[in-house]
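Visitor: Chains as they are written, first to last, in our numbering: chain A, 12 to 340; chain B, 12 to 340; chain C, 12 to 340; chain D, 12 to 340.
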């Protein structure tokens with residue numbers, strides 16, 4: 012379904028070239044200061060326009076249509092809507108028979124019996140991440156004093172990110188990257204054993220971000236090459252602080268008060284400027300195709316703010332389930 | 012919570028040194044042939060005893076106490092219970108003040124205000140994977156003709172796995188590993204965009220397996236180093252078969268009919284035979300401690316069957332949600 | 012939470028005097044013919060204006076902002092929004108310290124720490140039933156050929172309904188009523204034993220309709236006065252048709268193919284025109300108060316279409332869970 | 012599904028003539044004093060044996076197989092199992108072709124394609140209420156100091172209950188009744204507007220009790236005959252105490268601190284001693300049939316403790332969702 016969360020519950024809706032995209036946040040406690048201006052910072056970080064991102068220009072102005080009264084959350088569901096403005100539907104019309112490689116065109120067509128809105132990816136569009144970022148803005152307010160910071164660590168295997176972007180633009184290519192997210196000031200005790208472990212819930216949300224191919228917590232894939240005596244984090248004081256942090260701040264699915272650290276792998280954008288072979292469903296032949304529309308050279312550039320958002324959403328849900336927001340007052 | 016699934020819903024319970032562990036599967040369709048013998052094969056693959064696994068010996072005989080009548084599932088909840096027999100609780104009593112490094116002892120104590128059953132990890136024990144494997148046995152029957160095979164690819168960075176196990180035993184160490192899971196014969200259309208993507212649900216369940224540190228689908232972390240033209244999988248026929256499979260058989264969160272492929276990183280077992288520094292919560296000092304009890308040198312040895320189980324559970328849920336079991340008849 | 016449903020999932024949002032009210036329907040199958048005109052008939056039945064209903068005049072024009080493309084549902088979430096136009100917030104300002112008897116003013120204030128939007132009942136307003144009716148319009152299309160008809164059976168204990176309305180208006184009073192709902196052409200097998208019985212799910216939704224005080228299925232409260240031999244419905248043919256229908260078409264929580272019949276009790280509107288005692292939270296005294304704003308003399312007049320809607324919503328969820336929509340094609 | 016609850020989540024399993032029935036309670040806070048003896052009082056109230064109840068004799072001894080350690084809940088799932096002992100399966104064998112009037116035999120057969128365990132009603136048996144009562148015992152401990160008391164108000168329309176039972180036994184009949192439940196010492200603020208109103212959740216659970224035909228809160232069906240000025244409850248002090256309590260302690264779905272009051276209608280037991288017409292699915296003819304097995308003359312006699320249990324379950328879930336258990340300490 013298009014909703015997530017047990018107590019901080021988000022529901023997203025909308026299409027790339029439909030009237031709007033939006034999100035409903037149900038379960039936000041009353042009394043959180045909130046107005047439309049609060050969203051602008053994170054939305055701006057997400058927006059396209061920088062080198063390497065799509066030239067589609069949207070003002071991305073959020074409209075809060077419910078759940079806020081006199082500048083504070085009321086406890087009722089908060090719905091935030093974004094109107095789509097810069098839609099050029101004609102770009103996509105001929106792609107119906109040519110499912111773009113790497114895109115959801117083929118699976119969406121099959122799953123929804125051909126009724127899916129195929130324009131610009133429709134409901135599968137990365138434009139839906141507007142909804143995630145918006146929910147993240149609200150979540151961040153709830154989980155104070157937790158701080159979350161994500162950043163792009165490398166692109167195409169290179170930490171000189173700008174050079175790789177230029178290179179990819181020159182080649183008509185797209186490139187992937189690695190994004191790391193760190194959360195600090197976490198309380199002990201968020202998360203639950205097994206199915207609602209912190210890692211389970213975060214990874215669940217992470218793979219809702221289009222283009223994600225992998226996630227690792229703390230030592231991650233390197234852990235597979237370590238000895239136990241190297242990997243075990245020694246507790247050094249009664250607060251539970253550890254000397255190393257291979258565990259990423261989580262034991263048995265539950266936060267231990269140390270930093271939460273994880274990294275995700277973002278694949279290169281499926282849409283590329285140069286021609287590529289594409290199967291024609293009507294003729295049954297592979298054709299050389301140029302993909303129209305506008306797209307990112309490196310979608311990973313936009314991912315950090317989205318990653319922060321989903322982390323905040325996951326933590327807000329744990330926070331509210333644990334009743335920790337009561338301790339704040 | 013200790014349950015998972017929308018239509019094929021599993022609920023697990025039990026502790027390492029309590030009376031039993033078990034699972035309830037709610038939503039299994041009626042008419043699935045099922046008796047206790049069906050569980051033995053996968054339970055045997057999971058059981059300890061091989062070199063590198065814990066010498067704790069349990070017969071692990073499943074008892075079906077509800078939901079099966081005359082050898083077939085009835086449509087009512089199926090509960091499978093395993094009695095704990097070989098429990099030696101005295102091994103653990105002195106660990107209350109010495110939370111073992113890498114274990115959930117500290118977080119469990121904090122989260123549950125000291126009321127957690129700390130014996131052998133209590134509810135956090137890997138013994139609970141008996142419940143996952145059992146649910147997997149039922150799930151595998153539902154999703155036919157899908158085949159799922161997982162195998163251990165490397166241990167401590169080495170594909171000569173036996174050598175690494177010997178080496179670790181000799182050193183009193185534990186080691187991690189990489190496990191790969193492949194599912195074939197998948198229908199097109201399982202999964203949903205965003206929150207219930209196939210990757211989201213599988214990774215959610217994967218991180219319920221103790222010791223998991225990372226997951227990657229298809230090209231995974233390598234995708235971050237690729238160009239779009241390399242990564243995009245070219246469709247080659249009308250069934251949607253692709254030339255490469257970097258997408259791991261999933262586009263937009265939905266299966267495309269190609270193989271589902273993913274790998275997980277398993278950390279070295281936290282319990283090791285040799286002495287290690289351990290914080291004493293009472294004295295506030297680090298002591299050199301030997302961990303008693305019995306444990307695996309390489310828990311990754313036991314993971315393949317568990318990984319198959321959680322994959323089957325995830326797919327069974329998607330299968331039933333999509334009503335695909337109706338097409339089988 | 013403000014959402015309901017396992018597979019046909021509705022989420023409602025909005026306030027009486029905020030910007031809008033609306034609903035998101037997630038899980039509607041693709042290919043359902045749908046446009047804004049489809050909503051007008053049921054919305055018109057719900058709308059105020061008739062004698063005995065509030066003079067608040069709203070055009071109640073639905074705007075579909077997602078999930079519909081080329082006149083058909085796409086399989087993505089459908090969001091329908093209604094702008095609030097005729098809001099007169101000043102009517103309500105002085106009621107903050109005078110929680111209206113019978114209303115949620117007091118409980119909302121307490122639950123939401125004073126941050127609730129109190130204007131016109133805010134999120135508790137019967138205006139939210141616009142969202143229910145809209146979801147019902149979509150649900151009715153899914154469950155064809157099931158027919159659902161609800162009607163007002165009595166008002167203030169009298170089947171001459173018009174006379175009672177006139178009488179109540181004359182007295183500055185409000186009156187309650189009994190509404191009956193009947194669904195026909197039901198398949199056998201909707202519903203589940205225990206927690207997801209047909210009665211459980213319908214009654215859950217029924218009590219989401221403001222002013223509902225009771226519900227009874229089939230023989231209902233009269234059953235308590237009957238003998239078993241009178242109450243048992245004799246099956247008369249292989250299709251399961253019964254001679255009587257005290258069971259309301261349900262056995263063990265599951266539809267048996269006969270008519271689904273239930274009745275609900277609707278209390279008199281809490282707002283009345285004549286003065287009534289009202290507690291002043293500041294002074295701690297009871298004052299004689301006239302309630303401003305506009306309100307229904309008999310909210311039961313508007314309930315039939317809402318009752319049909321929630322019945323359709325419940326049945327649509329069962330329909331989709333059972334995969335019965337597949338049998339239609 | 013066979014589970015219910017958002018934070019205090021119960022999952023029931025078992026069959027009348029299978030190995031056992033049981034319940035898993037997930038979400039019980041740690042530190043609740045609990046052992047098997049705590050269940051005996053309520054189980055005894057539920058047990059058969061009194062005049063008018065089935066002569067089936069079961070010791071009904073609960074076995075806690077997980078979630079309790081050293082006499083306290085641990086925070087992990089609590090599973091309680093009851094072995095079935097006094098099962099006489101031969102009584103039911105010939106009923107396969109003769110679905111008993113008023114029972115779920117026909118619907119269960121159809122829904123589960125003939126794979127249902129038909130012995131003694133199988134999973135539909137009132138024996139499953141053992142699971143509800145057990146979960147209620149745990150719930151009652153969580154919601155202290157709330158008191159819940161249910162009692163049988165009338166049988167067959169008569170408050171002289173014993174006389175009606177004797178009369179029914181003499182006639183080979185069964186009779187229905189009315190049960191009332193009152194909860195006191197409720198905090199203000201449990202419940203949520205619309206779908207998770209207190210009435211919605213309680214009624215959802217109430218209709219999980221076999222034989223329930225109706226429910227009404229406070230003024231209930233009489234409300235339909237009242238004027239608003241009669242029905243509105245006047246607040247008389249700052250705590251929200253009201254002069255009358257037609258609202259049953261609930262406004263807008265949320266508790267207002269006054270007594271929670273509701274009544275349910277219980278139909279006469281479907282099984283009766285005297286012969287009745289029963290359809291033969293094989294011959295297509297109505298036959299005169301005596302129903303073997305053992306059964307209650309008046310199942311309503313056993314309902315009060317079950318009704319208390321489900322009320323406690325509903326309130327415990329609200330309690331934990333609101334984080335109110337934190338205030339207790």
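Each residue gets a CB set at the ideal place from its N, CA and C atoms; glycine is no exception.
(1) Verify whether the separation of the beta carbon atoms of residue 204(B) and residue 137(B) is less than 8 Å.
(2) Determine whether the Cβ of residue 334(C) lies closer than 8 Å to any Cβ atom of chain B.
(3) Hey, is residue 17(B)'s beta-carbon within less than 8 Å of any beta-carbon in chain C?
(4) For the region 112 to 133 of chain B, which residues have a CB atom closer than 9 Å to at least one CB atom of chain D, in sequence order?
(5) Residue 141(C) by DSSP, collapsed to three states: which one?
(6) Of the residues that make up the region 140 to 153 of chain B, which ones have a beta carbon closer than 8 Å to any beta carbon in chain D?
(7) If I measure Cβ to Cβ from residue 192(A) and keep anything under 7 Å in the same chain, skipping five residues before and after, which residues do I get?
(8) Can you give me the Cβ contacts of residue 200(D) inside the same chain, cut-off strictly under 7 Å, excluding the 5 residues immediately before and after it?
(9) Can you list the residues of chain B that residue 88(D) reaches, using a CB-CB cut of under 9 Å?
(10) Can you tell me where the beta strand (DSSP E) with residue 287(C) in it begins and where it stops?
(11) Consider the Cβ of residue 4(A): report whether some Cβ of chain B lies at a distance smaller than 8 Å.
(12) For residue 112(A), I'd like the list of residues in its chain whose CB is within less than 7 Å of its CB, leaving aside the five on either flank, ordered along the chain.
(13) Measure the alpha-carbon distance for residue 291(B) versus residue 301(B) and round it to whole angstroms.
(14) Listed from N- to C-terminal order along the chain, which residues in the region 29 to 47 of chain C have their beta-carbon within a distance smaller than 9 Å of any beta-carbon of chain A?
(15) Less than 8 Å between the C-beta atoms of residue 90(B) and residue 127(D), yes or no?
(16) Does residue 330(C) come within less than 8 Å of chain A when only Cβ atoms are used?
(17) Measure how close the beta-carbons of residue 270(C) and residue 263(C) come, nearest whole angstrom, since I'm counting them as under 8 Å.
(18) Please compile the residues from chain C whose C-beta is within a distance smaller than 8 Å of the C-beta of residue 76(A).
(19) For residue 340(D), which residues of its own chain have a beta-carbon under 7 Å away from its beta-carbon, when the five flanking residues on both sides are left out?
(20) Would residue 315(D) and residue 212(D) qualify as a contact pair, given that the criterion is a beta-carbon distance under 8 Å?
(21) Can you tell me which of the three DSSP states residue 298(A) falls into?
(22) For residue 268(D), which residues of its own chain have a beta-carbon under 8 Å away from its beta-carbon, when the five flanking residues on both sides are left out?
(23) Is there a C-beta anywhere in chain D that falls below 8 Å from the one on residue 250(C)?
(24) So what's residue 85(B) in DSSP terms, helix, strand or just coil?
(25) Mind checking if residue 84(A) is an interface residue toward chain C, Cβ cutoff 8 Å exclusive?
(26) Taking the beta carbon of residue 70(B) as the centre, do at least 16 other beta carbons fall within 10 Å, making it buried, or is it exposed?
(27) Do residue 232(A) and residue 117(B) have their beta-carbon atoms positioned less than 8 Å apart in this structure?
(28) Tell me which residue opens and which closes the alpha helix (DSSP H) that residue 215(D) is part of.
(29) Quick check on DSSP: helix, strand or coil for residue 77(A)?
(30) Classify residue 241(A): buried if its beta carbon has 16 or more other beta carbons within 10 angstroms, exposed otherwise.
(31) Classify residue 107(B): buried if its beta carbon has 16 or more other beta carbons within 10 angstroms, exposed otherwise.
(32) Please determine if the region 164 to 184 of chain B and the region 13 to 24 of chain C are in contact, where contact requires at least 3 C-beta pairs separated by less than 8 Å.
(33) How would you list, in chain order, the residues of chain B whose beta-carbon sits under 8 Å from the beta-carbon of residue 236(A)?
(34) Could you list which residues in chain C have their beta carbon closer than 8 Å to that of residue 273(A), in chain order?
(35) Does the region 19 to 37 of chain B come into contact with the region 138 to 156 of chain B, if we say contact requires no fewer than three beta-carbon pairs (one atom in each stretch) closer than 8 Å?
(36) Would you mind stating whether residue 329(B) and residue 219(A) have Cβ atoms separated by less than 8 Å?
Guide: Taking the coordinates as given:
(1) Not closer than 8 Å, so no.
(2) For residue 334(C), the answer is yes, since a Cβ of chain B falls inside 8 Å of its Cβ.
(3) True, the Cβ-Cβ gap to chain C drops below 8 Å.
(4) Within the region 112 to 133 of chain B, the residues whose Cβ lies closer than 9 Å to some Cβ of chain D are 119, 122, 123, 124, 125, 126, 127, 128, 129, 130, 133, listed in chain order.
(5) Residue state for residue 141(C) is assigned as helix, using DSSP reduced to three classes.
(6) Listed by position along the chain: nothing, the set is empty.
(7) Taken in chain order, the residues that qualify are 159, 161, 273, 318, 319, 322.
(8) Closer than 7 Å at Cβ, skipping near neighbours: 265, 266, 333.
(9) The CB of residue 88(D) comes closer than 9 Å to the CB of 12, 13, 14, 22, 23, 24, 25, 134 in chain B, given here in chain order.
(10) Taken as a continuous stretch (DSSP letters only), the beta strand (DSSP E) holding residue 287(C) covers 287 to 291.
(11) The displayed coordinates of chain A run from 12 to 340. Any statement about residue 4(A) would go beyond what the structure contains.
(12) The answer, listed in chain order, is 281, 287, 289.
(13) Spanning the alpha carbons of residue 291(B) and residue 301(B) requires a straight line of approximately 13 Å.
(14) Within the region 29 to 47 of chain C, the qualifying residues are 29, 30, 31, 32, 33, 35, 37, 38, 40, 41, 42, 43.
(15) No, the Cβ-Cβ distance between residue 90(B) and residue 127(D) is not below 8 Å.
(16) The C-beta of residue 330(C) comes no closer than 8 Å to any C-beta of chain A.
(17) With 8 Å as the limit, residue 270(C) and residue 263(C) do not qualify as a contact, their Cβ atoms being about 17 Å apart.
(18) Identification of chain C residues near residue 76(A) by a Cβ-Cβ cut-off of 8 Å yields 24, 25, 29, 30, 31, 33, 92, ordered along the chain.
(19) Low local confidence applies: a pLDDT of 44 at residue 340(D) is under 50, so the model's placement there is unreliable, and no value is given.
(20) It is not a contact, given that the beta carbons lie outside the stated cut-off.
(21) In the three-state DSSP reduction, residue 298(A) falls in the strand class (E or B).
(22) Contacts found: 197, 198, 199, 250, 251, 252, 260.
(23) Residue 250(C) does not count as touching chain D.
(24) Looking at residue 85(B) - three-state DSSP - the assignment turns out to be coil, as it is neither helix nor strand.
(25) For residue 84(A), the answer is yes, since a Cβ of chain C falls inside 8 Å of its Cβ.
(26) By the 10 Å Cβ count, residue 70(B) comes out exposed.
(27) Cβ distance not < 8 Å, so residue 117(B) and residue 232(A) don't count as in contact.
(28) Looking at the DSSP string, the run of the alpha helix (DSSP H) that includes residue 215(D) is 209 to 217.
(29) Assignment of residue 77(A) by DSSP, reduced to helix, strand and coil, places it in the strand class.
(30) Exposed, because fewer than 16 other Cβ atoms sit within 10 Å of the Cβ of residue 241(A).
(31) Classification of residue 107(B): exposed, given that the 10 Å Cβ count is below 16.
(32) By the Cβ criterion, the region 164 to 184 of chain B is not in contact with the region 13 to 24 of chain C, since fewer than three pairs of Cβ atoms, one from each stretch, lie closer than 8 Å.
(33) Correct list: 167, 168, 187.
(34) Within 8 Å of the CB of residue 273(A), no CB atom of chain C is found; the nearest one sits about 28 Å away.
(35) Cβ pair count under 8 Å is three or more, so yes.
(36) No.
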